[in-house]
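So the sequences go chain by chain: A and B. Counting from 1 along the first sequence, just add 113 to a position and that's the residue number in the working numbering. Counting from 1 along the second sequence, just add 2 to a position and that's the residue number in the working numbering. Single-structure report; data block below.
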Amino acid sequence: MAYSDKVVDHFNNPRNMGSFGKDEEGVGTGMVGAPECGDVMKLQIKVQNDRIVDAKFKTFGCGSAIASSSLATEWLKGKTIEEAEQIKNTDIVQELNLPPVKIHCSVLAEDAIKAALADYQKKAGSKTGTGSAQ
Amino acid sequence: MKLPIFLDNHSTTPMDPRVLEAMLPYFTEKFGNAASRNHAFGWEAEEAVEQARKHIAKLINADAKEIVFTSGATESDNLALKGVLEMYREKGTHIITSSTEHRAVLDTAKSLEAKGLATVTYLPVDKYGMVNPDDVRNAITDKTILISVMLANNEIGTINPVAEIGKIAKAKGVLFHCDATQGVGKIPVDVQAMGIDLMSFSAHKIYGPKGVGALYVRKKNPRVRLVPQMDGGGHERGMRSGTLPVPLIVGFGKACELCGAEMATEAPRIAAMRDRLQTEIMNALEESYLNGHPTERLPGNLNISFAYVEGESLLMGMKDIALSSGSACTSATLEPSYVLRALGVGTELAHSSIRFGLGRFNTDEEIDYAIKKVIEVVTRLREMSPLYEMAKEGIDLKSVQWAAH
Numbered sequence: 114m115a116y117s118d119k120v121v122d123h124f125n126n127p128r129n130m131g132s133f134g135k136d137e138e139g140v141g142t143g144m145v146g147a148p149e150c151g152d153v154m155k156l157q158i159k160v161q162n163d164r165i166v167d168a169k170f171k172t173f174g175c176g177s178a179i180a181s182s183s184l185a186t187e188w189l190k191g192k193t194i195e196e197a198e199q200i201k202n203t204d205i206v207q208e209l210n211l212p213p214v215k216i217h218c219s220v221l222a223e224d225a226i227k228a229a230l231a232d233y234q235k236k237a238g239s240k241t242g243t244g245s246a247q
Numbered sequence: 003m004k005l006p007i008f009l010d011n012h013s014t015t016p017m018d019p020r021v022l023e024a025m026l027p028y029f030t031e032k033f034g035n036a037a038s039r040n041h042a043f044g045w046e047a048e049e050a051v052e053q054a055r056k057h058i059a060k061l062i063n064a065d066a067k068e069i070v071f072t073s074g075a076t077e078s079d080n081l082a083l084k085g086v087l088e089m090y091r092e093k094g095t096h097i098i099t100s101s102t103e104h105r106a107v108l109d110t111a112k113s114l115e116a117k118g119l120a121t122v123t124y125l126p127v128d129k130y131g132m133v134n135p136d137d138v139r140n141a142i143t144d145k146t147i148l149i150s151v152m153l154a155n156n157e158i159g160t161i162n163p164v165a166e167i168g169k170i171a172k173a174k175g176v177l178f179h180c181d182a183t184q185g186v187g188k189i190p191v192d193v194q195a196m197g198i199d200l201m202s203f204s205a206h207k208i209y210g211p212k213g214v215g216a217l218y219v220r221k222k223n224p225r226v227r228l229v230p231q232m233d234g235g236g237h238e239r240g241m242r243s244g245t246l247p248v249p250l251i252v253g254f255g256k257a258c259e260l261c262g263a264e265m266a267t268e269a270p271r272i273a274a275m276r277d278r279l280q281t282e283i284m285n286a287l288e289e290s291y292l293n294g295h296p297t298e299r300l301p302g303n304l305n306i307s308f309a310y311v312e313g314e315s316l317l318m319g320m321k322d323i324a325l326s327s328g329s330a331c332t333s334a335t336l337e338p339s340y341v342l343r344a345l346g347v348g349t350e351l352a353h354s355s356i357r358f359g360l361g362r363f364n365t366d367e368e369i370d371y372a373i374k375k376v377i378e379v380v381t382r383l384r385e386m387s388p389l390y391e392m393a394k395e396g397i398d399l400k401s402v403q404w405a406a407h
């Protein structure tokens, strides 16, 4: 299977690879996938004043899964929560020229974005309420 | 050293230049049809075929007349299973095979089952991928006509106790077919000592040309008969019609001759390189697991699972080394290797497996390069893996509720 140049580039030079502390101020963490399916993505955002100021990922999976999550972190940086919610898996497919068998990698990346946003919102919400973050 | 390096010798092998040299005249000046009985062109071709047949038979301790040429091991497997079933179906229609056979055997068995022509028992294997001869014995019924168990597995290299299975088959009066595609030419094969009645193998796995293989069909004690699956001119004792590909057969013969002459020195040399590859990689990388039998294994085989990294990404990181993975992402079915699953390897580790296949033309320098590269890439991908991070934090990955998709 031939990979697109962009997939190869993200694979060889992953952007924003790493982790934030889960309990750090303004951090939302999304973890999706399962080891037995062959891919797990962890995507984290750091939010200040409703804007994503930083993003990081770690991915267990094929080259396309790594590239999809790396690209997602690039796109997330600088976006507001509302803008980030608009990122679609089809945008990732198009940008990376993913073949049909690799579309699930882009779906996983979109799920990871949604999970990270939800986690951030839950934490932000719970801070104003009485409960503590998970 | 030239890149990329070929470490996928279970899939195919480069042709030995000495094989090519032997073949060349048979494409041009010696182009006769081996079945032409009335002129020198035919005689010359026939003589070359018979000479090759002798070399091939000698490598497996058979008689030249017991070698039936086919297009390759897949055809040989098909001919063995379908031909035996069709010939002996009055006697019974039960076939015994194992769950880690090559697809050429498994899918043939499944196709016979689906058509209602046979009932098939798929024997389990132990954690090393080995068939237990007692399981074979216990599975035999009065309707069993054929046992088909491979000599050595193509993914994990485990060598089955074929001679014991052959003994059981003989005692019970059941025919024994062995797919020996990965074993012939690499380890000693003796159809007499191993009690094999039918045996599949091919040329391109032993530094010969693609497109030719053989089915060994025993001629006495017992005399095995087959219904041909290809009708035509009645070549190959009526078992496989079709004009013989003389240049390919000459190459096959030469390849077998070379394997016979060089196996005693070649096998230990390749095993030493393989052992070094295995030791240095596994010493450097924690949580790397050997798949297959630690000792009863093909000299050129090494299959390792690297926990927390996915196989296809490993291959992508080592794109200047030709390797194979049991990962789903490298297969058309999106299922990880059924062979590794049959050993009880967890799905996540099956996704993380890499198969190294060493062969005649690999060098120490290439192995040095591969060792360095594997350690570097696994380390890099583990740093990128959320699973590795969690494991380092002391989280038991099995206790995590994964959001499966």
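Glycine residues also receive a C-beta, built at the ideal position from the N, C-alpha and C atoms. Note that the structure is predicted; figures quoted are calculated from it, not measured.
The criterion of a C-beta distance shorter than 9 Å is satisfied by L22/B and G253/B. Within the stretch 162-205 of chain B, the alpha helix (DSSP H) runs of at least 4 residues that lie entirely inside it are, in chain order, 164-174. Judged by DSSP secondary structure, D118/A falls within the alpha helix (DSSP H) whose first and last residues are D118 to N125. Under DSSP, L399/B takes part in no beta bridge, so it has no partner. Counting only Cβ-Cβ distances below 7 Å, K155/A has contacts in chain B at P388, in chain order.
As for any beta strand (DSSP E) of minimum length 3 sitting wholly inside the stretch 290-334 of chain B, the runs are 290-293 and 303-308, ordered along the chain. Shown in chain order are the members of the stretch 144-173 of chain A whose Cβ falls below 8 Å from a Cβ of chain B: M144, V145, G146, A147, P148, E149, C150, G151, D152, V153, M154, K155, K171, T172 and F173. Counting every other CB atom within 10 Å of its CB across the protein chains shown gives L5/B a total below 16, marking it as exposed. Not one beta carbon of chain B lies nearer than 9 Å to the beta carbon of P212/A. Each residue's CA atom was taken as its position, placing G244/B and D109/B some 24 Å apart.
Annotated three-state conformation of F358/B is strand, per DSSP.
Around the C-beta of G302/B, 16 or more other C-beta atoms lie within 10 Å, and the residue is accordingly described as buried. The three-state secondary structure of G215/B, taken from DSSP, is strand. Between Y218/B and E68/B, the C-beta spacing is below 9 Å. Within the stretch 162-200 of chain A, the complete alpha helix (DSSP H) segments at least 4 residues long are 176-189 and 194-198, listed from N- to C-terminus. The alpha carbon of L156/A has as its nearest neighbour, out of E195/A, I194/A, A228/A and H123/A, the alpha carbon of A228/A.
Taking 8 Å as the upper bound for CB-CB distance, I205/A and S181/A are in contact here, some 5 Å apart. Against chain B, the beta carbon of S117/A has no neighbour under 9 Å; the closest one sits roughly 12 Å away.
In terms of beta-carbon proximity, F133/A stays away from the interface with chain B, with every pair separated by 9 Å or more.
Counting only residues of its own chain and dropping the five nearest sequence neighbours on each side, K93/B has a CB closer than 6 Å to the CB of I147. Under DSSP, A154/B forms a beta bridge with I161/B.
Of the candidates E378/B, K84/B and L389/B, the residue whose Cα lies closest to the Cα of N125/A is E378/B. Neighbours of I179/A in chain B, taken as residues whose beta carbon is under 8 Å from its own, are S315 and M386 in chain order. Contacts with chain A at 9 Å (Cβ-Cβ) do not include V164/B. Residue contact check for A405/B against chain A: a CB pair falls below 9 Å. With a beta-carbon spacing of about 16 Å, L221/A and A168/A fall beyond the 8 Å limit used to define contacts. Separation of the CB atoms of I142/B and V176/B is rounded to 6 Å, and the pair is thereby assigned contact status at 8 Å. Taking 4 residues as the shortest admissible run, the stretch 29-83 of chain B contains the following complete alpha helix (DSSP H) segments, listed from N- to C-terminal end: 42-61. With respect to the 9 Å criterion, M318/B and C150/A are not classified as neighbours on the basis of their beta carbons. Excluding its 5 nearest sequence neighbours in each direction, T186/A has C-beta neighbours in its own chain below 8 Å: R128, N129, L156, A168, K169 and F170, listed in chain order. When beta bridges are read from the DSSP output, T381/B appears opposite no residue.
In this chain, T102/B is not harboured by any beta strand (DSSP E), its DSSP state being neither H nor E. Annotation for M132/B: no alpha helix (DSSP H) segment contains it, and DSSP assigns it neither H nor E.
Taking a beta-carbon distance threshold of 9 Å, D232/A does not count as an interface residue toward chain B. Under a 10 Å Cβ-count criterion, E288/B is classified as exposed, with fewer than 16 other Cβ atoms of the shown protein chains found around its own Cβ. Listed along the chain, the chain A residues whose CB falls inside 9 Å of the CB of S339/B amount to none; the nearest CB is some 12 Å away.
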